[in-house]
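Asker: Once you've had a glance at the structure underneath, I'll fire off some questions.
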Amino acid sequence: MFNDAMALMNLDVKKMPLGKLSKQQIARGFEALEALEVALKAPTDGGRSLEELSSHFYTVIPHNFGRNRPPPINSSELLQAKKDMLLVLADIELAQTLQAAPEEKKVEEVPHPLDRNYQLLKCQLQLLDPEAPEYEVIHTYLKQTGNNYRCPTLQHVWKVNRQGEGDRFQAHSKLGNRRLLWHGTNVAVVAAILTSGLRIMPHSGGRVGKGIYFASENSKSAGYVTGMSCGGHHIGYMFLGEVALGKEHHITTDEPSLKQPPPGFDSVIARGHTEPDPTQDTELELDGRQVAVPQGRPVPCPEFGNSTFSQSEYLIYQESQCRLRYLLEVHL
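What follows is the structure in structure tokens.
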């Protein structure tokens with residue numbers, strides 16, 4: 001699975017095998033990208049060219065482009081894509097480190113490898129019965145807000161209880177306006193997310209700044225899902241998180257420099273042209289709190305018709321403002 005994910009990113013798994021992947025190598029990759037970022041923002045005649053700096057990055061993080069020449073990293077979009085790739089690599093390295101962790105010496109029976117890997121997650125996963133009311137709410141949420149032409153097919157739903165996350169989330173107990181929102185990801189980093197939660201990484205970024213991104217429409221988050229082939233199906237994984245939004249600050253244009261909401265606000269919503277019909281929202285009771293869950297089809301939002309965002313994106317800038325609630329396995 002990890003090798004497949006790396007190959008999809010054009011990484012050379014022969015020159016950079018999983019067992020050799022290290023935090024230090026990834027850190028050197030980020031350093032190479034930082035030099036490229038400086039050159040992109042302020043090119044100078046006396047400085048190293050983008051081709052030279054790109055070549056150095058590809059030396060630190062080996063790629064496999066076949067017979068094609070490695071493309072120079074000559075745009076902010078390509079630079080961010082490489083940063084995102086290194087973030088995925090960092091999560092793969094974390095998952096590999098967990099698997100390689102030495103077992104404590106015990107007299108007891110040796111656990112099955114699957115049981116041991118599950119214990120390493122430090123996270124409780126409870127498979128939901130398809131007949132359970134909350135399963136139906138989640139299924140409706142997926143069907144109603146999924147892609148019109150190729151909506152993911154729900155296979156399984158697990159309730160998630162990450163060790164320590166409930167206590168951390170309690171710090172925001174006074175924040176209202178809680179919603180269950182989508183977060184799509186690469187299949188290779190699911191284990192790292194279950195272990196460490198959704199994180200704001202030093203080199204992360206996007207159209208709404210350095211925060212954790214969620215969506216109210218499944219089709220938006222599904223675009224960030226990278227799956228794997230298994231038994232003739234293309235399988236992906238998505239999270240649903242309870243997000244304590246509190247007082248929302250709405251924007252309609254890109255603000256990539258944001259690192260926190262404006263004073264007096266708790267979250268930032270990049271409002272899109274559509275939003276699931278709010279009149280159809282339902283609620284789930286999670287740990288005694290009512291959490292809104294969209295159930296309607298996306299409807300136009302005329303007041304945000306001029307927004308540069310086609311679909312809404314929900315941003316928090318504190319990791320503790322979200323609690324992972326469900327993990328979904330879908331056929332893409």
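For the record, in the sequence shown the residue sitting at position 84 is 84 according to full-length UniProt numbering, with numbers rising by one throughout.
Beta carbons are placed, not taken as given, at the ideal position from N, Cα and C, and that holds for glycine.
#1: Leaving out five residues on either side along the sequence, give the residues of the same chain with a beta carbon under 7 Å from the beta carbon of alanine 244.
#2: What's the gap between the Cα of tryptophan 158 and the Cα of aspartate 129?
#3: Helix, strand or coil: how does DSSP classify tyrosine 224 here?
#4: Pull up the distance between the alpha-carbon of serine 216 and that of threonine 153, whole angstroms please.
#5: In angstroms, rounded to a whole number, what distance separates the CA positions of threonine 195 and lysine 122?
#6: If you draw a straight line from the alpha carbon of arginine 150 to that of valine 160, how long is it in whole angstroms?
#7: From which residue to which residue does the beta strand (DSSP E) around serine 267 run?
#8: Would glycine 296 and threonine 308 be called neighbours here (beta carbons separated by less than 9 Å)?
#9: Assuming threonine 153 is part of the beta strand (DSSP E), what are its boundary residues?
#10: If you check the beta carbons only, do histidine 273 and serine 221 fall under 9 Å apart?
#11: Taking serine 204 as the reference, give the member of Cys230, Pro70, Glu77 and Gln290 with the closest Cα.
#12: Provide the residue(s) that pair with methionine 238 in DSSP beta bridges, ordered along the chain.
#13: Suppose contacts are defined by Cβ-Cβ distances below 9 Å. Is threonine 140 in contact with proline 298 by that definition?
#14: Is glycine 29 buried or exposed, if buried means 16 or more other CB atoms sit within 10 Å of its CB?
#15: Buried or exposed: where does threonine 185 fall if 16 or more other Cβ atoms within 10 Å of its Cβ makes it buried?
#16: If we count Cβ pairs, one from each stretch, closer than 8 Å, do we get three or more for the stretch 256 to 270 versus the stretch 313 to 330?
#17: According to DSSP, simplified to helix, strand and coil, what is isoleucine 212?
#18: Return the CA-CA distance between arginine 168 and isoleucine 61, expressed in angstroms with no decimal places.
#19: Going by DSSP in three states, alanine 244 sits in which element: helix, strand or coil?
#20: Tell me the residue span of the alpha helix (DSSP H) that contains tyrosine 141.
#21: For the ligand SAH, is there any heavy atom lying closer than 8 Å to the beta carbon of glycine 241?
#22: Going by DSSP in three states, glutamate 217 sits in which element: helix, strand or coil?
#23: Nearest by alpha-carbon distance to alanine 35: which of Ile26, Ser49, Gln25 and Ser22 is it?
Answerer: Taking the coordinates as given:
#1: Counted from its first residue, the sequence shown places residue 244 at position 244. For alanine 244, where only same-chain residues beyond five positions count, the Cβ hits under 7 Å are His172, Leu175, Arg178 and Gln321.
#2: By one-based count along the sequence shown, residue 158 stands at place 158. By one-based count along the sequence shown, residue 129 stands at place 129. Roughly 9 Å between the two C-alpha positions.
#3: Taking the first residue of the sequence shown as 1, we reach residue 224 at position 224. Note: tyrosine 224 maps to coil in three-state DSSP.
#4: What you label residue 216 is simply residue 216 of the sequence shown in a count that begins at 1. What you label residue 153 is simply residue 153 of the sequence shown in a count that begins at 1. Computed Cα separation, rounded: 18 Å.
#5: Within the sequence shown, the letter at position 195 stands for residue 195. Within the sequence shown, the letter at position 122 stands for residue 122. Answer to the nearest angstrom: the Cα atoms are 6 Å apart.
#6: The sequence position of residue 150 within the sequence shown is 150, counting from 1. The sequence position of residue 160 within the sequence shown is 160, counting from 1. Looking at the two C-alpha atoms, the distance is approximately 27 Å.
#7: Numbered from its first residue, the sequence shown carries residue 267 at position 267. From DSSP, the beta strand (DSSP E) with serine 267 extends over 267 to 270.
#8: As a position in the sequence shown, residue 296 is number 296, starting the count at 1. As a position in the sequence shown, residue 308 is number 308, starting the count at 1. Not in contact: glycine 296 and threonine 308 (Cβ atoms no closer than 9 Å).
#9: Mapped onto the sequence shown, residue 153 falls at position 153. If you look at threonine 153, you'll find it in the beta strand (DSSP E) that goes 153 to 162.
#10: Stepping through the sequence shown from its first residue, residue 273 is reached at position 273. Stepping through the sequence shown from its first residue, residue 221 is reached at position 221. The answer is no: Cβ separation not under 9 Å.
#11: Start at 1 with the first residue of the sequence shown, and residue 204 comes out as number 204. Per the Cα distances, Glu77.
#12: Translated into the one-based positions of the sequence shown, residue 238 becomes position 238. According to DSSP, residue pairing for methionine 238 in a beta bridge involves Gly184 and Leu328.
#13: Stepping through the sequence shown from its first residue, residue 140 is reached at position 140. Stepping through the sequence shown from its first residue, residue 298 is reached at position 298. Their beta carbons are not under 9 Å apart, which means threonine 140 does not touch proline 298 by this criterion.
#14: Counting from 1 along the sequence shown, the entry for residue 29 is found at position 29. That one is buried.
#15: Stepping through the sequence shown from its first residue, residue 185 is reached at position 185. Under this definition threonine 185 is a buried residue.
#16: yes
#17: Within the sequence shown, numbered from 1, the residue matching residue 212 stands at position 212. Strand.
#18: By one-based count along the sequence shown, residue 168 stands at place 168. By one-based count along the sequence shown, residue 61 stands at place 61. Rounded to the nearest angstrom, the two C-alpha atoms are 35 Å apart.
#19: Taking the sequence shown and counting its residues from 1, the one referred to as residue 244 is at position 244. It is a strand residue.
#20: On the sequence shown, position 141 is the one that residue 141 refers to. Unbroken alpha helix (DSSP H) run through tyrosine 141: 133 to 145.
#21: The ligand SAH is not part of this structure, which contains no ligands at all.
#22: Position 217 of the sequence shown, counting from 1, holds the residue named residue 217. Three-state DSSP puts glutamate 217 in coil, outside helix and strand.
#23: Numbered from its first residue, the sequence shown carries residue 35 at position 35. Relative to alanine 35, the option among Ile26, Ser49, Gln25 and Ser22 whose CA is nearest is Ser49.
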